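Numbering (our numbering), first residue to last: 189 to 659. Backbone N, C-alpha and C define an ideal beta-carbon position, used for all residues, glycine too. Being a predicted model, the structure only gives us computed values, none of them experimental. The structure appears below as C-alpha cells.
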RNA sequence: GCCCCCAUCGUCUAGCGGCCGAGGACACCACCCUUUCAAGGUGGCGGCACGGGUUCGAAUCCCGUUGGGGGUGCCA
C-alpha cells in the first residue's frame, strides 16, 4: 500500500510507446533502477498505451530491448512487468465514477471550441468551471472534470523540496473524454495506486501535473507517493531534447557502436556526480552512491562529445578479445576474423565508437586500397617520393618480412633521401593503405604480406610515373 | 499572459557559513612521447549572473533583478 512505511519501495517508469526509446527516458529509468536495486525495492515497467492513435506491438518490444541493453531486465527480480495501461481501462473508468459519485468530479457538455470561446471573451485562460454547479448527468459527448477544491497543494519533492501550488491556478481538468475514455492524468494515478507505487521519479515536465495528481490520490483515499522530478535534458540551444531536432533515440547510439556501459555511466553522471575525482565509475559504485536528493536542479546538456569520450574510455578498457567480439556486428562479411583480431589492439586505441573500427583497416581486406586523392597528392608530391618507392620495392623484395625489419629498412631508405621516418613512411602508407593516417604502418605491412604490399607499391609507382592528366 | 522550476569555468559537475586566493571531468591550447593518427604524460586557458541584505565571516542563507527552462490539450 502506498504510504505504508513498512512496504518495500516500489518505483516505476511509465513510457508510452512511440517507436524509439528517448535518452531522457533512459536516464529516468536508470535513476529508478539504481534506487529500486539499492533499496531492495521493485522497478515496475508500465507501458502507457492509452493513446490508441499511436501504438504498435513492436514498439513495446523496442522499449523492453532498450531497457535490457542498459542492463534493466526481468533477469533481475527487481524488475516487474511489463504491465499495460490499456488493460486497466475498466478500473480507470470505475475510479472516475467513484470520484463523480463522491462529488469530486462533474460532467460538462462544453466542446473544446466553446471552452476556448468562453476563455477568449472573458480574457481568462483555461476552463472557467462553467458546469460546476449544473449537476449534469453522464451522457454522450460530456466530459468528466475534476472539481479542484479551494486551497493550496504542497508537493514534497525529494529533489526540489516543498513546491506550493495555489488551486486557483489549476483549472478543473478532464478525467474522462467525451467518448468515455480516460485521460492520462487519471489513468496514471489509478495505476500507480493499484500497483502500490510508493516512489515516483520522473521528468521535470511532469511537475505541473503533480498537484493535480496529488489531489486525485487524496480524493481516491490515499496519501501521495514520494515525488522526485528530475531536470530535463536539453540540446545546445538549451531546449528540451526533441525527436524532431535532436538525436534522442537510444537505439541510434547503440547502432553507432556506443557501449551500453558507457551510455549508462554518462547518463548517470549527467545531473549527478560520484564522489572522487573521476566520473568513470562502475555500475556497482553508482548503485551504492547514488542519491536522488543529490541530483542537480538544473537542466542538463546532453553532450555527445562527452559521451564519445566516455565511450572511448570504455572501448580502450575492454580486453582485446572482448573488443573484437563487440566489433563483430560492424564487420563486413569479407573481413577475415583472424586478420582483424591481429590488428585489433592497434585499432582499439584509435576509435571512439565500434562502428568506426572496420573503416580503419579496410585496406587489409580489399584487393586494392581506396586511394584518397588529397592524401595521394600530399604524400606523392615531393620529388623524392618516386625514388623512395623504387628503393622500398627493391628492399622489400628481399627483406625478412617482419615489423622490425620493415621499419629498419625504410628508415635506412629514408635517410638516403634525406628524410626522417615520419616523412618517409608517407608515400608507402598512401600506396598501401590509400590514406595518410591509420594504424601503425609496419605492423600493417606485416599482416598484409609481401606480395600484396609489393603489388601496391608497384601500382603506385606506375601511377606516379604517368604524366599528369591535362585539365 | 498565467503557474512552476532553475542559475559555480564553453559543457557536466564538487562545494551544504570559515578547509575556496573555488576542486575534478569533457572540450580547447601548448609541450613531451612518437613510424602517421590515436592513446598516454605534463602544463595552460577558463567560472561563483547582478544588486541588496543576514553574519565576525557567504559560492554557500534571505529578498529582489536579470537570464534560462518547463507547463498551460477531450496528448502522454
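Is the beta carbon of residue i less than 8 Å from the beta carbon of residue j?
| i | j | result |
| --- | --- | --- |
| residue 487 | residue 436 | no |
| residue 519 | residue 528 | yes |
| residue 648 | residue 577 | yes |
| residue 370 | residue 284 | yes |
| residue 636 | residue 580 | no |
| residue 379 | residue 317 | no |
| residue 292 | residue 335 | yes |
| residue 560 | residue 602 | no |
| residue 211 | residue 429 | yes |
| residue 597 | residue 587 | yes |
| residue 259 | residue 448 | yes |
| residue 388 | residue 405 | no |
| residue 391 | residue 544 | no |
| residue 477 | residue 497 | no |
| residue 475 | residue 222 | yes |
| residue 616 | residue 624 | no |
| residue 489 | residue 556 | no |
| residue 236 | residue 203 | yes |
| residue 402 | residue 373 | no |
| residue 605 | residue 614 | no |
| residue 382 | residue 290 | no |
| residue 589 | residue 640 | no |
| residue 303 | residue 368 | no |
| residue 693 | residue 585 | Since the displayed the chain opens at 189 and closes at 659, residue 693 lies outside it and no answer follows. |
Nearest by alpha-carbon distance to residue i: which of the options is it?
| i | options | result |
| --- | --- | --- |
| residue 263 | 443, 286, 386, 225 | 225 |
| residue 408 | 288, 342, 393, 314 | 288 |
| residue 230 | 199, 213, 537, 204 | 199 |
| residue 666 | 538, 218, 473 | Past the edges of the chain, shown from 189 to 659, lies residue 666, and the structure says nothing about it. |
| residue 534 | 327, 630, 238, 403 | 630 |
| residue 352 | 364, 363, 362, 339 | 339 |
| residue 468 | 327, 459, 458, 453 | 453 |
| residue 706 | 410, 315, 207 | Residue 706 lies beyond the range of the chain shown here (189 to 659); nothing can be said about it. |
| residue 385 | 206, 574, 220, 640 | 220 |
| residue 552 | 530, 569, 565, 450 | 530 |
| residue 266 | 207, 511, 196 | 196 |
| residue 354 | 506, 363, 342, 250 | 342 |
| residue 398 | 367, 426, 427, 358 | 358 |
| residue 269 | 234, 643, 327, 418 | 234 |
| residue 662 | 500, 575, 245 | Outside the displayed range of the chain (189 to 659) lies residue 662, so it cannot be described from this structure. |
| residue 450 | 439, 410, 500 | 500 |
| residue 564 | 583, 620, 238 | 620 |
| residue 443 | 253, 320, 634, 651 | 253 |
| residue 261 | 232, 396, 362 | 232 |
| residue 458 | 465, 216, 208, 209 | 216 |
| residue 593 | 570, 634, 438 | 634 |
Which residues mark the beginning and the end of the beta strand (DSSP E) in which residue i is found?
| i | result |
| --- | --- |
| residue 416 | 414 to 418 |
| residue 388 | 387 to 391 |
| residue 637 | Careful: residue 637 lies outside any beta strand (DSSP E) and carries neither H nor E. |
| residue 293 | 293 to 296 |
Along the chain, where does the alpha helix (DSSP H) containing residue i start, and where does it finish?
| i | result |
| --- | --- |
| residue 533 | 525 to 536 |
| residue 179 | A query on residue 179 cannot be resolved here, the shown segment of the chain reaching from 189 to 659 and no further. |
| residue 275 | Counting along the chain, residue 275 falls outside any alpha helix (DSSP H), and DSSP gives it neither H nor E. |
| residue 401 | 398 to 407 |
| residue 477 | 471 to 477 |
| residue 467 | Residue 467 -> no alpha helix (DSSP H), and no H or E assigned at all. |
| residue 496 | 492 to 505 |
| residue 546 | 545 to 548 |
| residue 516 | Here residue 516 belongs to no alpha helix (DSSP H), and DSSP marks it neither H nor E. |
| residue 443 | 438 to 443 |
| residue 452 | 448 to 456 |
I'd like to know if the stretch 338 to 358 and the stretch 408 to 427 are in contact, where contact means that at least 3 CB-CB pairs between them fall below 8 Å. Verdict: yes, contact present.
At 4 residues or longer, what runs of the alpha helix (DSSP H) sit wholly inside the stretch 200 to 249? With a minimum length of 4 residues, the continuous alpha helix (DSSP H) runs that stay inside the stretch 200 to 249 are 211 to 226.
If we require 4 or more residues per run, which alpha helix (DSSP H) segments fall completely within the stretch 309 to 385? Listed in chain order, they are 372 to 382.
For the pair the stretch 270 to 279 and the stretch 299 to 319, tell me if three or more CB-CB distances fall below 8 Å. Flag = no, the stretch 270 to 279 and the stretch 299 to 319 do not touch.
What are the start and end residues of each continuous alpha helix (DSSP H) run of 4 or more residues lying completely inside the stretch 557 to 642, in chain order? Taking only runs of at least 4 residues, the alpha helix (DSSP H) segments lying wholly in the stretch 557 to 642 are 561 to 568, 573 to 586, 591 to 604, 609 to 621, 629 to 636.
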